[in-house]
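Numbering (our numbering), first residue to last: 10 to 714.
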Ligand SMILES: Nc1ncnc2c1ncn2[C@@H]1O[C@H](COP(=O)(O)OP(=O)(O)OP(=O)(O)O)[C@@H](O)[C@H]1O
Ligand SMILES: Nc1nc2c(ncn2[C@@H]2O[C@@H]3COP(=O)(O)O[C@H]3[C@H]2O)c(=O)[nH]1
Ligand SMILES: Nc1nc2c(ncn2[C@@H]2O[C@@H]3COP(=O)(O)O[C@H]3[C@H]2O)c(=O)[nH]1
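Right under this line is the structure:
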C-alpha cells in the first residue's frame with residue numbers, strides 16, 4: 010500500500026519543469042498546473058484507498074463465506090479449518106460448588122430506573138439471556154454494580170481470564186483484535202458475555218474511547234441466581250402439582266418428572282385457549298386465573314357457558330383421550346390465565362394416557378439399566394493383587410495422553426512387565442486454582458463404583474505433595490479420536506459399533522444416576538479386542554434421584570447441550586444430546602456445530618439442529634437419529650422418554666445389530682487394533698516430556714485419595 014503511493018508521487022515529480030528558467034507568469038501557470046496535478050493525485054489516491062478498503066472487505070467476506078461453506082457444505086476445507094478439525098477438543102467447566110455450601114447473598118446495588126431499563130434492554134438482546142423470565146432479569150439487574158474507566162483504559166484485555174459480563178452505560182468503546190480496532194461498542198450493549206458461562210480467556214480487548222461507565226455482572230452471581238430461581242420454580246411447580254386433585258395420589262418422584270416436562274403459557278383475557286371442533290394436542294392444568302368453558306350448538310351462533318374452571322383444575326383431556334376434535338371452547342377470563350401444558354408426545358411417553366393417570370397409582374420405580382446386562386453395580390471395587398502396591402513400585406513406559414490438569418502414562422510394575430496400567434496424574438495446585446476439587450473427587454468416587462465392560466476401570470488412587478494419581482486399566486487400542494483423524498470418517502458399520510458401546514456405557518451410568526457430560530471421540534478408547542470403553546470421568550456427576558438437576562457448566566464446546574449453554578439446569582439428557590453430536594462427528598468427520606470461537610459454537614447450538622446441513626454420506630435414517638437425539642428441548646430427546654435408552658437401541662439405524670452379542674463380547678469388533686505386547690504404546694501419539702514441575706500443594710483437600 011505505502012509502496013504504491015510512493016511510486017505515484019515519484020512518477021508525477023518526473024514531469025516538473027525547471028522553475029529557475031521561467032517567468033513569473035509562467036511560474037504561476039506551472040503552480041496552477043502543479044496544483045491541479047496534486048488535486049488529481051489526491052483524488053487518485055482517495056480512489057485507491059477506497060478500492061483497497063473494498064478489496065479488504067471483499068477478501069474478508071470471501072474468507073467468511075469459505076469458512077461457512079466448509080463447515081456447512083463440506084467443500085474443500087481451508088488450511089485453518091482442517092487444522093481446527095485435527096485439534097483435540099478440550100473440555101471446559103465452571104467452578105464446582107459444593108451442595109452443602111449455603112449460597113452467599115450478593116448485595117443489591119441501587120440504580121436509577123433509567124439505568125435499570127438500559128441494562129434490561131441490553132440483557133434481553135443477548136442470546137444467552139433473552140429467554141430469562143422477568144424475575145430472573147430483575148434479580149440480575151439488582152446485583153450488577155458500576156465500574157468507571159478513563160479514556161484509553163482497557164476494560165478487558167485479550168487472553169485474561171474472564172469473570173464478569175459488562176453492559177455499557179455511558180461512553181463508547183473500541184474492540185481490538187491483533188492491534189486493530191475491529192468494532193465499537195456503545196451504550197446499552199453487552200460485552201464479555203462468555204465469562205458468565207465459565208472461566209475462559211477473553212477473545213478480544215475492549216478499550217474505553219472516552220470516560221465510560223459499565224455495569225458489571227459477576228459469573229458467580231449470575232449462576233447463583235439462575236440456580237436458585239430454577240430450583241425455586243421447580244419446587245413451586247411440584248408443590249402446585251401436589252395440590253392438583255387429579256395428581257394428589259402420585260408420588261413425588263413422578264410429580265418431579267411431570268413438572269420437568271410441563272411448559273408454562275400465559276393467555277390474555279378473552280383468548281380462546283381451546284376452540285371447539287378444532288384438532289388438539291395439548292393437555293392443560295390451570296396454574297393461575299380462571300377460564301370459562303363454552304359450547305356452540307349445531308346451527309347456532311350463540312355460545313353457551315358450561316362453567317368456569319379455577320386454579321388447579323385441568324382441561325383438554327377429552328380430545329386427547331378420544332383422539333377427536335375439541336368438544337368445547339375454553340376462554341381465558343379477567344385478568345388472563347396461566348396454564349401448565351403438556352404436549353401429546355411427552356404426555357404419552359411419561360404417563361401413558363390420561364385414563365392411566367386418572368385410575369392408576371404410581372409407585373416409586375428407581376431407574377435401572379433398561380435391559381438385563383452383564384454389568385452389575387458394585388461399590389468400593391477391590392483389587393487384592395494391587396493391595397500392597399505403592400506408587401514407587403511402578404515405572405513409566407510412555408506418556409499416552411495429556412489433559413487439562415496433567416497427563417496419563419502407560420506404567421508397569423518394576424517387578425512384573427507382563428501387565429500394564431494407565432496412570433493418570435493430576436497437578437494438585439492447578440486443580441485448586443481452577444476450583445476443580447469436587448470434579449476430581451467425582452471422577453474417583455464414580456469410577457470406583459463402576460463395573461461395566463464399557464467403562465475403563467479404576468483400580469486404585471495415590472497422592473503425593475504435587476499430584477493425585479489414578480491407576481486405571483490400560484486400553485492399548487488408542488483413542489477413537491485418533492482413528493477418526495486417520496480415516497477422516499467412519500462407515501456406518503464402525504460408527505454403529507462405537508455408538509452401541511457408548512449406549513451400553515450410558516445405560517449403565519444413568520442406571521446409577523450418573524450423568525457423564527463429556528462424550529467425545531477423545532474419551533473413547535479401544536481395548537485390545539477393539540471394544541470401546543469410556544474414560545475420563547472428570548465431569549461425571551451422581552445426581553440426586555427425584556429428577557434433580559445440576560448447574561455447573563461442564564463439557565466440550567462442540568458437544569454441550571443448549572440447556573447447559575443457557576444455564577437452565579441439566580441432567581442425563583445432555584448425554585443424549587452429545588450422543589447425537591458423536592454420531593454426526595463419526596460419520597461426517599466434523600461436528601455439526603462449529604466455529605472459531607466457543608461463542609460462535611454456542612450460538613450455532615442455540616439455533617438448533619434444524620439449521621445444520623447434513624453430508625451426503627448420512628442418509629435420512631441416520632439424520633433422523635441425530636435429530637431425535639439433538640432436540641433442543643431435553644425432554645423430547647430419544648433415550649430420555651418413557652421407553653428409555655431402549656428406544657435408541659430399537660432405532661432403525663441399529664437394525665440387525667447384535668446387542669446381546671455386544672454385551673457378552675462375543676461379536677467381532679469392526680476395528681481390531683494392533684498391539685504387540687502389554688507395553689506397546691504405538692496406538693497413541695507421542696507426547697514430549699512435561700518440563701513443568703508443579704509446586705507443592707498441601708491444603709489437604711485430597712485426604713480421601
Ligand atoms: N485407561 C486408559 N488407557 C489408555 N489411555 C488412557 C486411559 N485413560 C486416559 N488415557 C489417555 O489419556 C488421555 C487423557 O486422559 P483424560 O481424558 O482422562 O485426561 P484429562 O486430564 O481429564 O483430559 P481433559 O482435560 O482433556 O479432559 C485420553 O484421551 C487417552 O488418550
Ligand atoms: N461488538 C463486538 N464485540 C466483540 C467483537 N469481538 C469480541 N467482542 C466482545 O469483546 C469481548 C472480549 O471478551 P470476551 O471474549 O469475554 O467477549 C468479547 C465480546 O463480548 C466484535 O467483533 N464486535
Ligand atoms: N365437552 C365439555 N368439555 C368441558 C366441560 N367442562 C370442561 N371441559 C373441558 O373443555 C375441554 C375442551 O377441549 P377437549 O374436548 O379436549 O376437553 C374439554 C374438557 O377438558 C364440559 O362441560 N363439557
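Glycine is no exception: its CB is placed at the ideal position from the N, C-alpha and C atoms.
(Q) I'd like to check one pair, residue 593 with residue 600: are the Cβ atoms closer than 8 Å? (A) The residue you call residue 600 lines up with position 591 of the chain shown. The residue you call residue 593 lines up with position 584 of the chain shown. In this structure, residue 593 lies closer than 8 Å to residue 600 by Cβ.
**Item:** Rounded Cβ spacing between residue 580 and residue 524 (contact assumed at less than 8 Å)
**Value:** Here residue 580 corresponds to residue number 571 of the chain shown, with the count starting at 1. Here residue 524 corresponds to residue number 515 of the chain shown, with the count starting at 1. About 6 Å separates the Cβ atoms of residue 580 and residue 524, confirming a contact at the 8 Å cut-off.
Residue 399 versus residue 438 - alpha carbon distance | What you label residue 399 is simply residue 390 of the chain shown in a count that begins at 1. What you label residue 438 is simply residue 429 of the chain shown in a count that begins at 1. Straight-line spacing of the CA atoms in residue 399 and residue 438 works out to 23 Å.
Margin query: If you reduce the DSSP assignment to three classes, tell me which class residue 265 lands in.
Written below: If you number the chain shown from 1, residue 265 lands on position 256. Helix at residue 265.
Discussion item. As a quick exercise: from 472, 298, 485, pick the residue whose alpha carbon is nearest that of residue 450.
Written reply: Along the chain shown, read from residue 1 onward, the residue named residue 450 stands at position 441. Closest option to residue 450, Cα to Cα, is 472.
> From residue 503 to residue 100, what does the alpha carbon distance come to, in whole angstroms?
Replying inline: What you label residue 503 is simply residue 494 of the chain shown in a count that begins at 1. What you label residue 100 is simply residue 91 of the chain shown in a count that begins at 1. Residue 503 and residue 100 have their C-alpha atoms roughly 25 Å apart.
Residues bridged to residue 338 by DSSP? Start at 1 with the first residue of the chain shown, and residue 338 comes out as number 329. BP columns for residue 338 point to 303.
Problem - Range of the contiguous beta strand (DSSP E) that encloses residue 405 - result: Looking up residue 405 in the chain shown gives position 396. Counted as a single uninterrupted DSSP element, the beta strand (DSSP E) harbouring residue 405 occupies residues 403-411.
In the structure shown, what three-state DSSP assignment does residue 510 receive? Counting from 1 along the chain shown, the entry for residue 510 is found at position 501. Residue 510 falls in the helix class under three-state DSSP.
query = Is the beta carbon of residue 298 sitting closer than 8 Å to the one on residue 346?
reply = In the chain shown, counting from the first residue as 1, residue 298 sits at position 289. In the chain shown, counting from the first residue as 1, residue 346 sits at position 337. A contact, by the Cβ cut-off of 8 Å.
Residue 518 burial status per 10 Å Cβ neighbour count (16 or more: buried)
Numbered from 1 along the chain shown, position 509 holds the residue referred to as residue 518. Note on residue 518: 16 or more other CB atoms within 10 angstroms of its CB, so buried under the neighbour-count rule.
**Top-ranked residue by Cα proximity to residue 501, from 625, 405, 537** = One-based indexing of the chain shown puts residue 501 at position 492. Ranking 625, 405, 537 by CA distance to the CA of residue 501 puts 625 first.
| message | Suppose you measure from the CA of residue 164 to the CA of residue 521; what does that come to, to the nearest Å? | response | By 1-based counting over the chain shown, the position of residue 164 is 155. By 1-based counting over the chain shown, the position of residue 521 is 512. A straight-line Cα-Cα distance of about 46 Å links residue 164 and residue 521.
task = Just tell me which of 461, 515, 470, 531 has its CA closest to the CA of residue 486.
result = Along the chain shown, read from residue 1 onward, the residue named residue 486 stands at position 477. Closest by C-alpha distance to residue 486, out of 461, 515, 470, 531, is 531.
If I'm right that residue 145 touches residue 235 with Cβ under 8 Å, what's the distance once you round it to whole angstroms? Within the chain shown, the letter at position 136 stands for residue 145. Within the chain shown, the letter at position 226 stands for residue 235. Their Cβ separation, rounded to whole angstroms, is 7 Å, which keeps residue 145 and residue 235 in contact under 8 Å.
Notebook entry, point to check: Nearest to residue 230 by alpha carbon, out of 463, 173, 425?
Noted result: The residue labelled residue 230 in the question sits at position 221 within the chain shown. Comparing Cα-Cα distances from residue 230 to each of 463, 173, 425, the minimum goes to 173.
Q. Smallest Cα separation from residue 690: which of 408, 121, 120?
A. Position 681 of the chain shown holds residue 690. Of the candidates 408, 121, 120, 408 places its Cα closest to the Cα of residue 690.
*Taking the alpha-carbon positions, what's the residue 224 to residue 178 distance?*
Taking the first residue of the chain shown as position 1, residue 224 is located at position 215. Taking the first residue of the chain shown as position 1, residue 178 is located at position 169. Distance between the alpha carbons of residue 224 and residue 178: 7 Å.
Could you name each continuous alpha helix (DSSP H) segment of 4 residues or more that falls completely within the region 195-222, going from the start of the chain to the end? Segments of the alpha helix (DSSP H) lying fully in the region 195-222: there are none.
Unbroken beta strand (DSSP E) run spanning residue 432, endpoints | The residue you call residue 432 lines up with position 423 of the chain shown. 425-436 is the span of the beta strand (DSSP E), which, as asked, contains residue 432.
- Task: Inspect the CB distances between the region 535-550 and the region 212-223 and report whether three or more fall short of 8 Å.
- Result: Contact fails between the region 535-550 and the region 212-223, because fewer than three Cβ pairs, one in each stretch, are under 8 Å apart.
Can you list, in chain order, the residues of its chain whose CB lies under 6 Å from that of residue 115, leaving out five sequence neighbours each side?
If you number the chain shown from 1, residue 115 lands on position 106. The residues are 152, 230.
Item to check | Helix, strand or coil at residue 481 [DSSP, three-state] | outcome: Locating residue 481 in the chain shown gives position 472, where the first residue counts as 1. Note: residue 481 maps to strand in three-state DSSP.
* To do: Kindly indicate which residue of 195, 199, 167, 176 has the alpha-carbon position closest to the one of residue 188.
  => As a working mapping, residue 188 is identified with position 179 in the chain shown. Distances from the alpha-carbon of residue 188 to those of 195, 199, 167, 176 put 167 closest.
Check: Closer than 7 Å: is that where the CB of residue 270 sits relative to any heavy atom of ligand 3?
Finding: If you number the chain shown from 1, residue 270 lands on position 261. Outside the cutoff, so no.
*asked:* Bridge partners for residue 347 per DSSP, in chain order?
replied: Taking the first residue of the chain shown as 1, we reach residue 347 at position 338. Residue 347 pairs with 275, 297.
Q) Taking the Cβ atom as the reference point for each residue, do residue 259 and residue 292 lie within a distance shorter than 8 Å? A) Position 250 of the chain shown, counted from the first residue, corresponds to residue 259. Position 283 of the chain shown, counted from the first residue, corresponds to residue 292. Not closer than 8 Å, so no.
message: Per the DSSP calculation, residue 599 is bridged to which residue(s)?
response: Counting from one through the chain shown, the residue named residue 599 turns up at place 590. According to DSSP, which records beta bridges pairwise, residue 599 is partnered with nothing at all.
Taking three-plus beta-carbon pairs below 8 Å as touching, is the region 239-250 in contact with the region 121-141? These segments do not touch.
Own chain residues within Cβ distance below 7 Å of residue 435, not counting five before or after:
Translated into the one-based positions of the chain shown, residue 435 becomes position 426. Around residue 435, the same chain offers 414, 415, 449, 476, 477 as residues with beta carbons nearer than 7 Å, after the five sequence neighbours per side are excluded.
Check: Are the beta-carbon atoms of residue 186 and residue 217 separated by less than 8 Å?
Finding: Here residue 186 refers to the residue found at position 177 of the chain shown. Here residue 217 refers to the residue found at position 208 of the chain shown. Going by beta carbons, residue 186 and residue 217 fall outside the 8 Å limit.
* Asked: Taking the C-alpha atoms as reference points, what is the distance between residue 332 and residue 484?
  -> Here residue 332 refers to the residue found at position 323 when the chain shown is read from its first residue. Here residue 484 refers to the residue found at position 475 when the chain shown is read from its first residue. Those two C-alpha atoms are separated by around 53 Å.
Mind listing, in chain order, the residues whose beta carbon lies closer than 6 Å to a non-hydrogen atom of ligand 3? If you measure from each CB to the nearest heavy atom of ligand 3, the residues under 6 Å come out as 283, 289, 302, 315, 316, 324, 325, 326, 327, 328, 335, 336, 337, 339.
- Query: Span of the beta strand (DSSP E) holding residue 453?
  - Reply: For the purposes of this step, residue 453 is identified with residue 444 of the chain shown, where counting begins at 1. Per DSSP, residue 453 belongs to no beta strand (DSSP E); it is in the alpha helix (DSSP H), 446-457.
| message | If contacts are defined as beta-carbon pairs under 8 Å, then residue 661 and residue 630 qualify, I think. What distance do you get, rounded to the angstrom? | response | By one-based count along the chain shown, residue 661 stands at place 652. By one-based count along the chain shown, residue 630 stands at place 621. Rounded, the Cβ-Cβ distance is 5 Å, consistent with contact.
message = So for residue 415, helix, strand or coil by DSSP?
response = Stepping through the chain shown from its first residue, residue 415 is reached at position 406. Here residue 415 sits in strand by DSSP.
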